[in-house]
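In the numbering used here, the protein residues as written are 25 to 639. The beta-carbon is built from N, C-alpha and C at its ideal position, and this holds for glycine as well. Only a predicted model underlies this, so the values are computations on that prediction, with no experimental measurement involved. Report on one structure; see the data block that follows.
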Amino acid sequence: MDQSASLSAPLLHHHEFEVAAAAGPDGGEESVSISSSPTRKRGAGRVRGLASLLAINSLVCGVEIVSSAAFTFIPPLLLKAGYTETVMTIILGIAPFLDMGTVPLLAEWSDQCTSTLGRRRPFIMFLSLVLLFSLTVIPYGPTIALMFSDEASPKLNMIILAMGVILLDYSYQALFNPCESLLSDLLATSPEWEQTRGFTVYSASISLGGILGYLIVSIDWSSTGFLLGSQEQTAFSVIFVMFLPCLFLTLCFAREKPFTPSLGSLGHGQMEAGVGEEYLKARGKEMAVLDLTRDPPTLVRDHPSDGGYESGSSETEEMAPLVLPSSEMLRWRYQRLVHQLSRLPHLTLQRVINGLLRLLWKLFMLVLYLPYQVIKLPQDTWRRVSTAPTVLRRLFLSELFGWMGFMCHNMFFTDFVGQYMYGGLPDAPEHTTGALLYDEGVRMGSWGLFLHSLTACLYAFFVQQHIVDIIGHRAVFLGGLAGFSLTMLATIVSPNITFLNVVTAMSGIGFAALTSMPNMLVTLYNSDRQLYMWDEQSPEGGEERGLGTDVAVLDTAYFLSQIILSVCMGPLVDLTGSALPYMVVAAFTGIISVYCGTKIVFTDTDLRQLRLGLF
Numbered sequence: 025m026d027q028s029a030s031l032s033a034p035l036l037h038h039h040e041f042e043v044a045a046a047a048g049p050d051g052g053e054e055s056v057s058i059s060s061s062p063t064r065k066r067g068a069g070r071v072r073g074l075a076s077l078l079a080i081n082s083l084v085c086g087v088e089i090v091s092s093a094a095f096t097f098i099p100p101l102l103l104k105a106g107y108t109e110t111v112m113t114i115i116l117g118i119a120p121f122l123d124m125g126t127v128p129l130l131a132e133w134s135d136q137c138t139s140t141l142g143r144r145r146p147f148i149m150f151l152s153l154v155l156l157f158s159l160t161v162i163p164y165g166p167t168i169a170l171m172f173s174d175e176a177s178p179k180l181n182m183i184i185l186a187m188g189v190i191l192l193d194y195s196y197q198a199l200f201n202p203c204e205s206l207l208s209d210l211l212a213t214s215p216e217w218e219q220t221r222g223f224t225v226y227s228a229s230i231s232l233g234g235i236l237g238y239l240i241v242s243i244d245w246s247s248t249g250f251l252l253g254s255q256e257q258t259a260f261s262v263i264f265v266m267f268l269p270c271l272f273l274t275l276c277f278a279r280e281k282p283f284t285p286s287l288g289s290l291g292h293g294q295m296e297a298g299v300g301e302e303y304l305k306a307r308g309k310e311m312a313v314l315d316l317t318r319d320p321p322t323l324v325r326d327h328p329s330d331g332g333y334e335s336g337s338s339e340t341e342e343m344a345p346l347v348l349p350s351s352e353m354l355r356w357r358y359q360r361l362v363h364q365l366s367r368l369p370h371l372t373l374q375r376v377i378n379g380l381l382r383l384l385w386k387l388f389m390l391v392l393y394l395p396y397q398v399i400k401l402p403q404d405t406w407r408r409v410s411t412a413p414t415v416l417r418r419l420f421l422s423e424l425f426g427w428m429g430f431m432c433h434n435m436f437f438t439d440f441v442g443q444y445m446y447g448g449l450p451d452a453p454e455h456t457t458g459a460l461l462y463d464e465g466v467r468m469g470s471w472g473l474f475l476h477s478l479t480a481c482l483y484a485f486f487v488q489q490h491i492v493d494i495i496g497h498r499a500v501f502l503g504g505l506a507g508f509s510l511t512m513l514a515t516i517v518s519p520n521i522t523f524l525n526v527v528t529a530m531s532g533i534g535f536a537a538l539t540s541m542p543n544m545l546v547t548l549y550n551s552d553r554q555l556y557m558w559d560e561q562s563p564e565g566g567e568e569r570g571l572g573t574d575v576a577v578l579d580t581a582y583f584l585s586q587i588i589l590s591v592c593m594g595p596l597v598d599l600t601g602s603a604l605p606y607m608v609v610a611a612f613t614g615i616i617s618v619y620c621g622t623k624i625v626f627t628d629t630d631l632r633q634l635r636l637g638l639f
């Protein structure tokens with residue numbers, strides 16, 4: 025690329041082009057004008073209705089149904105299978121460790137994915153298949169074990185259960201990254217009020233999924249007459265079926281555009297040479313290309329990726345009809361036919377074999393380098409966080425301690441109620457007093473988590489936006505985290521199950537704030553990267569950071585919070601002989617999260633003070 029082309033590349037990020045075409049009276053003369061306008065402001069994109077936002081966010085609702093229902097059963101299932109508290113927490117920490125190493129890589133791949141399905145949906149489909157497979161393995165582990173052994177083997181059952189839990193934990197957490205990036209893509213050019221509404225719907229969808237998931241767990245299926253095997257098998261079957269329509273809704277309604285990799289490299293179906301090239305260059309229109317996938321001819325603005333926003337840009341901004349002279353039209357028809365034929369699949373035995381060999385080679389290299397990647401993971405994580413822009417690092421710290429508090433509460437709350445409040449024993453023989461008390465405590469704890477999700481959903485849908493308009497995003501975020509910390513302190517001194525469930529319900533306000541505000545802030549920062557991420561460092565390889573990569577930094581906080589808990593909580597609970605440390609740690613980390621949250625950049629005023637060293 026010559027110097028003039030390289031100098032013009034950055035301008036494409038800050039100017040939109042108006043393309044117009046018209047034919048002369050004789051059909052042979054026409055004019056094509058491309059004029060630059062001022063920097064595109066948020067609000068130039070299409071406005072989506074509430075129904076569309078609900079459909080796009082339906083997958084996160086389905087993922088939360090799976091996680092809330094499954095992980096209410098999983099700690100008791102692991103303890104009943106024979107694992108100790110320490111080993112159980114280690115098993116629950118393996119998947120976040122794998123996520124922390126692979127999700128940022130998947131995010132980078134999705135930022136550069138050129139699939140015709142878009143950048144995010146291919147990864148969503150793959151991870152969803154892994155999740156559905158794990159939902160089959162966990163409840164039917166004993167049946168699967170019998171396929172490999174004539175007699176029931178407790179050890180084999182424990183291994184299959186652990187593998188299923190790891191796959192489920194990995195896939196459901198990894199799914200949030202493409203879901204968050206997809207929503208940010210689609211809202212990137214929307215007005216600020218719609219971005220806030222979009223992420224409010226996102227938060228409410230997560231809470232709605234929690235409501236449905238905990239409701240499934242709280243129901244005594246044997247009393248309903250609808251029982252497919254055991255209580256756990258019935259619940260897992262129900263959430264399997266409920267996840268499918270949520271997945272299909274998102275895949276169908278989130279229409280992405282194929283990604284155009286970089287300036288000068290044309291996307292699939294755009295003219296690289298031949299038809300109209302000299303015709304356009306003669307008029308100084310090097311930044312426009314013809315789209316061979318559309319009929320009639322369409323002129324498409326050729327520009328590089330802006331880190332994730334291209335998927336959500338409206339078609340009227342990207343293209344305009346073009347009237348070609350008859351000589352050029354005939355050549356265009358021929359090129360379009362050749363292009364369409366070239367995209368037909370040419371499956372031969374040789375291509376299938378080559379594809380399988382390439383897949384096997386990649387799997388072999390993955391296994392070969394896995395120990396190296398595991399050893400290198402802490403260094404890569406530190407580099408990813410330390411080289412992130414300052415605004416992201418500050419948000420990362422608050423997210424890290426916030427998720428430590430919420431994960432400690434949400435994952436171990438039913439175990440806390442069953443053991444600490446009801447005095448049950450998870451490893452007691454079935455039908456004994458200790459086992460019955462523990463199961464009753466798990467069910468009552470599920471009702472508390474149901475109220476927690478219900479409060480979060482109602483607050484996010486009907487209340488949060490109005491409070492934001494009155495006191496602002498900062499006060500809503502910090503107030504939610506502070507309220508969560510107070511409810512955890514109240515949980516520690518809770519005198520009975522009724523009071524416990526009431527304060528657990530109130531903690532949902534903080535959950536709504538934590539699941540909506542950070543994603544909204546990342547979208548805000550990406551709306552003007554040069555302003556908010558002025559100290560951004562170029563990654564290795566010289567490729568531009570994308571929005572998915574920024575979301576992966578926050579996902580790292582989510583995964584790291586679980587890894588820290590898995591290392592610390594099991595030994596602490598075994599040492600004290602009580603489940604009370606779960607709630608103590610949740611309250612303590614919530615308070616730290618509030619302090620870190622006071623350093624987050626919410627407004628331009630915060631940013632100016634930060635750059636002056638006053639914030």
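Expected contact under 8 Å - CB spacing of Glu102 and Met112 to nearest Å: Per the sequence shown, the amino acid found at residue 102 is Leu instead of Glu. Sure, about 5 Å apart at Cβ, within 8 Å.
Whole-angstrom Cβ separation of Leu589 and Met428, contact assumed at under 8 Å? 6 Å
State the CB to CB distance for the pair Asp193 and Leu116, rounded to an integer number of angstroms; the pair is presumed to be in contact (CB under 8 Å). 7 Å
Could you tell me the boundaries of the alpha helix (DSSP H) in which His476 lies? Under the DSSP assignment, His476 falls in the alpha helix (DSSP H) whose first and last residues are Thr457 to Leu482.
Roughly how many whole angstroms lie between the Cα atoms of Ser337 and Pro215? For Ser337, the predicted model reports a pLDDT of 40, less than 50, meaning its position is unreliable and no value from the coordinates is stated.
According to DSSP, is Asn378 part of a helix, a strand, or is it coil? It is helical.
Check for me: the alpha helix (DSSP H) holding Ala131 runs from which residue to which? Glu109 to Gln136
Cβ atoms of Ile235 and Cys481: under 8 Å apart, would you say? yes
With distances taken Cα to Cα, identify the nearest neighbour of Gly142 among Arg279, Leu424 and Ala212. Arg279
Between the segment 442-450 and the segment 575-593, can you find at least three pairs of beta-carbon atoms closer than 8 Å? no
Buried or exposed, going by whether 16 or more other CB atoms sit within 10 Å of the CB of Leu636? Result: exposed.
Buried or exposed for Leu199, going by 16 or more other Cβ atoms inside 10 Å? buried
First through last residue of the alpha helix (DSSP H) which encompasses Pro542: Gly532 to Ser551
Chain-order list of residues whose beta-carbon lies under 6 Å from that of Ile118 (same chain, five-residue window excluded): Ile190
Reference Leu273; option with closest CA among Leu478, Asp630 and Leu83: Ranking Leu478, Asp630 and Leu83 by Cα distance to Leu273 puts Leu83 first.
Run the CB neighbour count on Glu454, radius 10 Å, all protein chains shown included, and call it buried at 16 or more, exposed below. exposed
Cβ pair Ala610, Met512 closer than 8 Å: yes
Indicate the three-state DSSP secondary structure (helix, strand or coil) for Met557 in the structure shown. coil
If we ignore side chains and look at the alpha-carbon of each, how far apart do Thr622 and Glu132 end up? 30 Å
Considering only residues of the same chain and omitting the five flanking positions on each side of Phe641, which have a CB-CB separation below 6 Å? Nothing about residue 641 can be reported from this structure: the residues present for the chain run from 25 to 639 only.
Taking the continuous alpha helix (DSSP H) assigned at Pro202, which residues delimit it? Pro178 to Leu211
Burial state of Asp628, where buried means 16 or more other Cβ atoms lie within 10 Å: exposed
Could you pull out every residue in the same chain whose Cβ sits closer than 7 Å to the Cβ of Ser617, ignoring the five residues on either side in sequence? The answer, listed in chain order, is Ser422, Phe425, Gly426, Gly429 and Leu505.
Three-state class that DSSP yields for Leu392 in the structure shown: helix
Flag this pair as yes or no: are the beta carbons of Gly21 and Phe437 separated by less than 8 Å? Beyond the ends of the chain as shown, which are 25 and 639, falls residue 21; an answer cannot be given.
Compare the Cα-Cα distances from Met431 to each of Pro269, Cys85, Leu78 and Ser92 and report the closest residue. Ser92
Measure from the alpha carbon of Phe485 to the alpha carbon of each residue in Thr456, Ala536 and Gly507, then state which is nearest. Ala536
Along the chain, where does the alpha helix (DSSP H) containing Glu280 start, and where does it finish? From DSSP, Glu280 is part of no alpha helix (DSSP H); its letter is neither H nor E.
Helix, strand or coil, according to DSSP, for Ser289 in the structure here? With a pLDDT of 40 at Ser289, under the threshold of 50, the predicted position of this residue should be treated as unreliable, and no value is reported.
Gly448: which of Asp439, Gly458 and Phe440 sits nearest, CA to CA? From the listed residues Asp439, Gly458 and Phe440, the smallest Cα separation to Gly448 is found for Gly458.
If Ala79 and Ile263 are in contact, beta carbons under 8 Å, what's the gap, nearest whole angstrom? Wrong, their Cβ atoms sit about 20 Å apart, outside the cutoff.
From the DSSP output, in three-state form, read off Lys104 for me. helix
Would Ile240 and Ala228 qualify as a contact pair, given that the criterion is a beta-carbon distance under 8 Å? no
Contacting residues, own chain, Cβ-Cβ under 8 Å from Ser30 (five flanking each side not counted): Bear in mind that the predicted position of Ser30 carries a pLDDT of just 38, short of 50, making it unreliable; the figure below should be weighed with that in mind. Around Ser30: no qualifying Cβ.
Given Val265 as reference, the closest of Gly503, His476 and Leu159 once Cα atoms are compared: Taking only the C-alpha atoms, the option nearest Val265 is Leu159.
What is the rounded straight-line gap between the Cα of Pro120 and the Cα of Phe583? 5 Å
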